[in-house]
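Sequence lines, in order, name chains A and B.
Residue numbers for the first sequence follow this note's numbering, beginning at 982 and rising by one.
Residue numbers for the second sequence follow this note's numbering, beginning at 264 and rising by one.
Worksheet for the structure shown next.
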Amino acid sequence: MKRTEIIMGMPVTVAIPDREQLDRGNQRGAWFPTLDTAAEAVFASFRAVDERFSPYKESSETSRIDRGDLDPEDASDEMKEVLRLAEDTRQRTDGYFDVRFKGRFDPSGLVKGWAIWKAARLLDEDGFLSFCIEAGGDIEVRGANDEGQPWVVGIRSPFDPSLLIRRLHLHSCGIATSGTYVRGAHIWNPRTGKAANEIASLTVIGPNVYEADRFATAAFAMGEEGIRFLAGVPEVEGYMVDSRGTATYTPGFARYLAA
Amino acid sequence: MKTRTWKRIARAAAASALGLMVSSAAGAQAAATRASAASGTFTGRREYAYYGYVKVQATVRNGTVTDVQVLEFPNENGLSQHINGVALPYLIQETVGGHSWRVDLVSGATFTSQAYEKSLREALQQTGL
Chain A
982 MKRTEIIMGM PVTVAIPDRE QLDRGNQRGA WFPTLDTAAE AVFASFRAVD
1032 ERFSPYKESS ETSRIDRGDL DPEDASDEMK EVLRLAEDTR QRTDGYFDVR
1082 FKGRFDPSGL VKGWAIWKAA RLLDEDGFLS FCIEAGGDIE VRGANDEGQP
1132 WVVGIRSPFD PSLLIRRLHL HSCGIATSGT YVRGAHIWNP RTGKAANEIA
1182 SLTVIGPNVY EADRFATAAF AMGEEGIRFL AGVPEVEGYM VDSRGTATYT
1232 PGFARYLAA
Chain B
264 MKTRTWKRIA RAAAASALGL MVSSAAGAQA AATRASAASG TFTGRREYAY
314 YGYVKVQATV RNGTVTDVQV LEFPNENGLS QHINGVALPY LIQETVGGHS
364 WRVDLVSGAT FTSQAYEKSL REALQQTGL
């Protein structure tokens, strides 16, 4: 089963192998959510995150904090959790990831991965062992695909979005790709105040999509140095494509690459 | 370890080694003897320094080390390379192509331009999605 809805301004996809219904249903007995019910729960989770965190909704906590109408001290537990994670990320990336920039507050660079990770934990709690949740090119991968094999994930070409540059075999991890072709120059280098444009695409694989997303966002803002930064972060691996079509990747990324 | 650090260590080691040699001269005539005997160029043995080998050459005039040259310093190929004084981690490179493989999911952009993205977002806001 695979279902997609547009939430938070991007396609959100839930993929669960059909055998999960049979496997879990038989083992768990009386009540077990159908795959459709599970997908609905995921979409509902994303809508709630959007209500709370969208910088495009005036009533969201993000907008209210940005305007100064809401003190972070008085924000929801979820917002406080995101702020804590954002501060941790800011320190680990030497400021290259920062939810505050030029006087504005926007945690979107972290919220996407965090939202996927949050939804994945809902499915974990319901007993699903294999599934993928994707939002805007970031994916939380669990277990195995319909064929019982590691999930086959393609990296989209930054030069031709109808093509793929690489194919990966992923088991239980998170993957995030930052790229100039997604929203133009939407990731800012806080050092220069200008957009980070040198790199066409940067893919990060981490223990979960939250980790992958935050490091992909920060590393992309570093330009060419980003892949070297990632090489120094033990829990993630990176694959960077420059505007000339040369890919540079960390040695640990090799184990995910299909032939 | 950076090359500059090895040079500093080498200089200090050479200076202390020569100091020992000079001070072992015994007797009341030590000062005078020192001044005339301890001059010239001395080359140390090739010593193992964990990452490689170091060999030092010292120039001495009147018992004072006036210059130290590092003739050989450790080669750090095994762990990292120093290029322009910046350490680079080991990375792999390849040229990317374009393929039409069948996959389960795709990581990457779903929209092709900033304008498209912006326009879509505005449209979605109107629909309340």
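Idealized CB from N, CA, C, for every residue including glycine.
Since the structure is predicted, the reported quantities are computational estimates derived from the model, not experimental observations.
Neighbour-count burial assignment, A/P1232, 16 or more Cβ in a 10 Å radius: exposed
Under 8 Å by Cβ, that's how I've got A/P992 and A/N1126 pegged, so tell me the actual separation to the nearest angstrom. At roughly 19 Å, the Cβ-Cβ gap does not stay under 8 Å, so A/P992 and A/N1126 are not in contact.
Counting only beta-carbon separations shorter than 8 Å, does B/T296 have a partner in chain A? Note that B/T296 scores 44 on pLDDT, short of 50, meaning its location in the model is unreliable; the coordinates nonetheless yield the value given after this. No, no contact with chain A.
Here's the rule I'm using: 16 or more other beta-carbon atoms within 10 Å means buried, otherwise exposed. How should A/E1206 be labelled? exposed
For B/T358, return the contacting residues in chain A, with the cut-off set at a CB-CB distance below 8 Å. G1226, T1227 and A1228
I'd like to confirm something about A/G1129: is its beta-carbon nearer than 7 Å to some heavy atom of the ligand ADP, or not? Annotation note on the ligand ADP: not contained in the displayed structure, which lists no ligands.
Spatial neighbours of A/E1115 within its chain, please: C-beta separation below 6 Å, excluding the five flanking residues on both sides. T994
What are the residues of the region 1132 to 1145 of chain A that lie near chain B, defined by any Cβ-Cβ distance shorter than 9 Å? W1132, V1133, V1134, G1135, I1136, R1137, S1138, P1139, F1140, D1141, P1142, S1143, L1144 and L1145
Distance, A/V1214 Cα to B/I355 Cα: 16 Å
Does the region 1091 to 1102 of chain A touch the region 1190 to 1205 of chain A, meaning 3 or more C-beta pairs lie closer than 8 Å? yes
What are the boundary residues of the alpha helix (DSSP H) that includes A/D1069? D1058 to R1073
Could you tell me whether the Cβ of B/G307 comes closer than 8 Å to any Cβ of chain A? no
Please look up how many angstroms separate the CB atoms of A/F1027 and A/I988, rounded, as I've assumed it's under 8 Å. 4 Å
By DSSP, does A/A1240 sit in helix, in strand, or in coil? coil
With A/T1231 as the anchor, note down where its beta strand (DSSP E) starts and where it stops. That residue, A/T1231, is in no beta strand (DSSP E); it is neither H nor E in DSSP.
Assigned secondary structure, A/T1184 (DSSP; H/G/I helix, E/B strand, else coil): strand
Taking the straight line between their C-alpha atoms, what separation do you get for A/M1221 and B/V328? 51 Å
Measuring only the C-alpha atoms, how far is A/A996 from A/D1087? 29 Å
With distances taken from CA atoms, which of A/Q1130, A/R1137, A/D1075 and A/W1132 is nearest A/G1117? A/R1137
Counting only the same chain and skipping the five closest in sequence on each side, list residues whose C-beta sits under 6 Å from that of B/T306. Q320
Return the first residue and the last residue of the alpha helix (DSSP H) that A/L1091 is part of. S1089 to E1106
Selection of the region 1098 to 1120 of chain A by Cβ proximity to chain B, strictly under 9 Å: C1113, E1115, G1117, G1118, D1119 and I1120
Would you kindly work out how many angstroms separate the C-alpha atoms of B/E310 and A/R1172, rounded to a whole number? 45 Å
Could you please give me the residues that DSSP links to B/V366 through a beta bridge? Looking at the DSSP assignment, B/V366 forms no beta bridge with any residue, so it has no partner.
According to DSSP, is A/P1171 helix, strand or coil? coil
Answer yes or no: do A/A1056 and A/L1091 have a C-beta to C-beta separation smaller than 8 Å? no
Output yes if chain B places a C-beta closer than 8 Å to the C-beta of A/R1148; else output no. yes
What does a CB cutoff of less than 6 Å around A/G1226 pick up in its chain, not counting 5 residues either side in sequence? none
Cα-Cα, which of A/F1024, A/R1209 and A/K1083 is closest to A/R984? A/F1024
Could you tell me how far apart the beta carbons of A/E1039 and A/R1033 are, in whole angstroms, since I believe they sit closer than 8 Å? A/E1039 to A/R1033, Cβ: 13 Å. No contact.
On a Cα-Cα basis, can you pick out the residue from A/V1133, A/L1016 and A/L1183 that is closest to B/T365? The sequence shown places Arg at residue 365 of chain B, not Thr. Closest by alpha carbon: A/V1133.
Just reading off the alpha helix (DSSP H) that A/F1027 is part of, what are its end residues? L1016 to F1034
C-alpha gap between A/L1144 and B/S363, whole angstroms: 6 Å
Under DSSP, the beta strand (DSSP E) around A/S1111 begins and ends at which residues? No beta strand (DSSP E) holds A/S1111; DSSP gives it neither H nor E.
For A/R1071 and B/D330, I'd like the C-alpha separation in whole angstroms. 47 Å
Cutting at 6 Å between CB atoms, please list the residues of its own chain near A/V1030, excluding the five before and the five after it. A1096
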